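Data block below; observations after.
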Amino acid sequence: MKFISSFFLVGLILSSCASKPPQQQENICKIFKDKSSWYRLVNRSEEQWGAPIHVQMSILRQESSFQNRVKPERTKLLGLIPWKRKSSAFGYSQAIDSTWNWYKKERNRPLASRVNFADAVDFTGWYINKTTKILKISKKDAYRQYLAYYKGWGDYKNYKKDKKAIIYAKSVKDLANNYRKQLTVCQKNLNKNKYIIF
104 MKFISSFFLV
114 GLILSSCASK
124 PPQQQENICK
134 IFKDKSSWYR
144 LVNRSEEQWG
154 APIHVQMSIL
164 RQESSFQNRV
174 KPERTKLLGL
184 IPWKRKSSAF
194 GYSQAIDSTW
204 NWYKKERNRP
214 LASRVNFADA
224 VDFTGWYINK
234 TTKILKISKK
244 DAYRQYLAYY
254 KGWGDYKNYK
264 KDKKAIIYAK
274 SVKDLANNYR
284 KQLTVCQKNL
294 NKNKYIIF
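Next up, the structure:
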């Protein structure tokens, strides 16, 4: 019984460490150094969907700061009492329930989880690919890809009325440009190690 309890405790500690967000999020090379399996996962998503690594990672950084269980803030009833959340967004990707369920069905992944980084990056690549098909936005265009991600495909045409969305999209664009430049420094080594399982 003590052995089982100790084993369970070690498992909890390891899983909490695994989901801890990277510390230096402005540098993609340091992110992949900190999270050794992430490059392999996001690279696989890029190969599957054609969505550049720097675009995917900048969107995830904006959406969740790489936190796997983050949710939108609750609204307040009468300005005081915590009430309903603004949306059902959850996890690394901040995908809402309906879009996540669409992804799971289309990808035939009924057990896909928004708290799992592998599933989150596959979703992000899938979403970017669909945005290109639906709205004809280049997969390399971090600014417009993020606007479509944030607003949704149906409401994308109204993004000019949403100042917050524009500010966020500019931030994603700048971060994606930095990530792209940083990757030129470390990607060769990352590619050498991407098949090593840690």
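According to the working numbering, the stretch in the sequence shown is residues 104 to 301, in order.
Glycine is no exception: its CB is placed at the ideal position from the N, C-alpha and C atoms.
Given the structure is predicted, the values throughout are model-derived calculations rather than measurements.
Check: Here's a check: name, in chain order, each residue in its chain whose Cβ is nearer than 6 Å to the Cβ of Lys291, leaving out the five neighbours to either side.; Outcome: none
Check: Given a threshold of 16 other Cβ atoms within 10 Å of its Cβ, counted over all protein chains shown, does Arg212 qualify as buried or as exposed?; Outcome: exposed
Check: Taking all protein chains shown into account, do 16 or more other C-beta atoms lie within 10 angstroms of the C-beta of Ser148, making it buried, or fewer, making it exposed?; Outcome: buried
Check: Using three-state DSSP, classify Ala198 as helix, strand or coil.; Outcome: strand
Check: Could you spell out the range, first to last residue, of the alpha helix (DSSP H) harbouring Ile240?; Outcome: Per DSSP, Ile240 belongs to no alpha helix (DSSP H) and is neither H nor E.
Check: Quick one: what's Phe193 bridged to in DSSP?; Outcome: Ala198
Check: Nearest to Glu260 by alpha carbon, out of Ile237, Ser139, Tyr271 and Ser274?; Outcome: Looking at the sequence shown, residue 260 is not Glu but Lys. Residue Ile237 is the option with its Cα nearest to Lys260.
Check: Between Gln127 and Val275, how many whole angstroms is the CB-CB distance? I'm expecting something under 8 Å.; Outcome: Not really, about 18 Å apart at Cβ, beyond 8 Å.
Check: Given a cut-off of 8 Å, decide if Ala223 and Tyr195 are closer than it, judged by their beta-carbon atoms.; Outcome: yes
Check: Between the Cα of Asp137 and the Cα atoms of Pro124, Asn146, Thr234 and Gln248, which residue gives the shortest distance?; Outcome: Pro124
Check: When you compare the CB of Gln248 with every CB in chain E, is at least one pair closer than 8 Å?; Outcome: This model lacks chain E altogether, as it is built from one protein chain only.
Check: Quick check: the stretch 226-245 against the stretch 261-269, are there 3 or more CB pairs under 8 Å?; Outcome: no
Check: Note down, in chain order, each residue of its chain lying with its Cβ closer than 8 Å to the Cβ of Glu129, except the 5 sequence neighbours on either side.; Outcome: Leu278 and Asn281
Check: Quick one: what's got a C-beta closer than 7 Å to Phe169's C-beta in the same chain, skipping five residues either side?; Outcome: Pro124, Pro125, Gln128, Leu163 and Tyr195
Check: Going by alpha carbons, who is nearest to Cys132 out of Gly153, Gln151, Ser161 and Asp225?; Outcome: Ser161
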